[in-house]
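A.B. asks:
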Amino acid sequence: GIQVEQSPPDLILQEGANSTLRCNFSDSVNNLQWFHQNPWGQLINLFYIPSGTKQNGRLSATTVATERYSLLYISSSQTTDSGVYFCAVANPGTASKLTFGTGTRLQVTL
Amino acid sequence: DAGITQSPRHKVTETGTPVTLRCHQTENHRYMYWYRQDPGHGLRLIHYSYGVKDTDKGEVSDGYSVSRSKTEDFLLTLESATSSQTSVYFCAIRSGGGYEQYFGPGTRLTVT
């Protein structure tokens, strides 16, 4: 099956700093999603981005499907950004069954 | 909010007992999924459904069964719970217009 690797596994930032999270995947995809799991365990959809670039406020994402990677950018980080960020992908023709990476744990400090 | 609820939200049960978790959606989505989340593994797919009475296995289906007798409900059953099934279980739906999935709030299951 498809493999998903996320880096870095852990990240500590001071409030106001910027960061880049990376997701590498091993096969072609028709679904790539970024999620934020908050400290209460809720999975929040950030981006649906199988290709191209999107922005939503301080967050943006880019997926280069031909090179099989995606990047999530967080600018001017806030303490509320803390949590775990997951990348998940699905192959075409697989009923959108998602394969998740193991996540990047982000801690934003004052 | 994709109109997904899960019940119960927390459950403690003993080894060997049957357990059923319920996922309920209000927006008539065709595809529904059950995932489990364990430390160090991210989320892994257990079973999914692509319509009423249409289900298939995922990556970690051993020890689990599912049923979908109506569009809005997708049930996950542990026939005889084991300690290795202690986990957080998430239900998801696939949005009607594309491939994006949305997740419910999760059920924390502890098997003692």
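Which chain is which? The protein sequence lines are A and B, in order. At position 7 of the first sequence (counting the first as 1) the number is 7 in our numbering, and the numbers step up by one without a gap. At position 12 of the second sequence (counting the first as 1) the number is 12 in our numbering, and the numbers step up by one without a gap. Ideal Cβ placement from N, Cα and C applies to all residues, glycine included. The structure presented is a predicted model; accordingly, all values stated were derived computationally and were not measured.
(1) Could you say if the region 84 to 91 of chain B and the region 103 to 110 of chain B meet the contact criterion of at least three C-beta pairs nearer than 8 Å?
(2) Can you look up residue 59 of chain B in the DSSP assignment and give me helix, strand or coil?
(3) Beta-carbon separation of residue 14 of chain B and residue 33 of chain A under 8 Å?
(4) List the residues of chain B that residue 69 of chain A touches, going by C-beta distances under 9 Å, in chain order.
(5) Tell me whether residue 87 of chain B sits in a helix, a strand or coil according to DSSP, three-state version.
(6) Three Cβ pairs or more, each shorter than 8 Å: is that satisfied between the region 98 to 106 of chain A and the region 9 to 24 of chain B?
(7) Report yes or no: do three or more beta-carbon pairs, one from the region 76 to 83 of chain A and one from the region 63 to 72 of chain B, lie closer than 8 Å?
(8) Where in the region 25 to 99 of chain A do unbroken runs of the beta strand (DSSP E), each at least 3 residues long, occur, reported from the N-terminal end onward?
(9) With the cut-off set at 8 Å, would you say residue 66 of chain B and residue 49 of chain B are in Cβ contact?
(10) What did DSSP end up calling residue 110 of chain A once you bin it into helix, strand or coil?
C.D. replies: Inspection of the coordinates gives the following:
(1) yes
(2) To locate residue 59 of chain B, count along the second sequence from 1; it is residue 59. If DSSP states are grouped into helix, strand and coil, residue 59 of chain B belongs with coil.
(3) Taking the second sequence and counting its residues from 1, the one referred to as residue 14 of chain B is at position 14. Taking the first sequence and counting its residues from 1, the one referred to as residue 33 of chain A is at position 33. Cβ distance not < 8 Å, so residue 14 of chain B and residue 33 of chain A don't count as in contact.
(4) In the first sequence, residue 69 of chain A corresponds to position 69, counting from 1. Under the 9 Å cutoff, chain B gives no residues; its nearest Cβ is about 17 Å from residue 69 of chain A.
(5) For this step, residue 87 of chain B is matched to residue 87 along the second sequence. Reduced to three states, the DSSP call for residue 87 of chain B is strand.
(6) no
(7) no
(8) 31 to 37, 43 to 48, 52 to 56, 59 to 64, 69 to 74 and 83 to 90
(9) Here the question's residue 66 of chain B lines up with position 66 in the second sequence. Here the question's residue 49 of chain B lines up with position 49 in the second sequence. In contact: residue 66 of chain B and residue 49 of chain B (Cβ atoms closer than 8 Å).
(10) Counted from its first residue, the first sequence places residue 110 of chain A at position 110. Residue 110 of chain A: coil per DSSP, three-state reduction.
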